[in-house]
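Structure, as structure tokens:
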Amino acid sequence: AVYALGESRQSDAIKALVKTLEIEDPVSRYSAVISLGKIGKPASGILIKIMLNKKYQRALRGQAIEELVNLKEKSAVAGFIQLLKDRDSVIRIEVLMALEKIKDRRSFESIRDASLNDNNPDIRRIAKEIYERITKGNS
């Protein structure tokens, strides 16, 4: 049923999918996020809220990030930048990869800051590599 709501691509399905996020079954919640991504731009605001909400597990937040990237959703960039400070290093890596794909100039300084200041050396390295790739030819 959750899958069908997404396949319908009807924005009126958003309310039902948001209710699905509150049930205990993680598979249904995950499917709801994928379905929100299929609905597209009308569901972007909800996807941004999911990725920013620490009450949701990492996989759900990561899927919301992926759906926003698939939508090429520029309105998510401010939220992505905010998540570069998330305590979860996996979320920070997912956000760096998302920012690389979206290539919004607003994020360049934040990626550079992560390459210099993140407490995780792996994230500093990844951020440095991404920063070099996205700024190559843009100077």
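Residue numbering for the sequence shown follows this note's numbering, starting at 10 and increasing by one per position. Note that beta-carbon positions come from the ideal geometry of N, C-alpha and C, so glycine has one too.
Cα-Cα separation, K81 to A107: 9 Å
Measuring only the C-alpha atoms, how far is R96 from P35? 22 Å
Identify the continuous alpha helix (DSSP H) that holds A123 and give its terminal residues. F117 to N126
Consult DSSP for R142 and reduce its assignment to one of helix, strand or coil. helix
Classification of R142 by the beta-carbon crowding that lies within 10 angstroms, buried from 16 upward: exposed
Please state whether DSSP places Y65 in a helix, a strand or coil. coil
Could you round the C-beta distance between I23 and I55 to whole angstroms and report it? I think they count as a contact, below 8 Å. 6 Å
Taking 6 Å as the limit between beta carbons, can you name the residues of its chain near L77, skipping five residues before and five after? L56 and A85
Reference D122, options I111, Y39, L105 and E31, closest by Cα: L105
Is it buried or exposed, Q66, if we count other Cβ atoms within 10 angstroms and call 16 or more buried? exposed
Please name the residue in L93, K83, I43 and I74 whose C-alpha comes closest to that of E118. L93
Taking C-beta to C-beta, are V42 and A73 nearer than 7 Å? yes
Report the rounded CA-to-CA distance for K47 versus D21, giving the unit in angstroms. 13 Å
Local conformation of I132 per DSSP, three classes: helix
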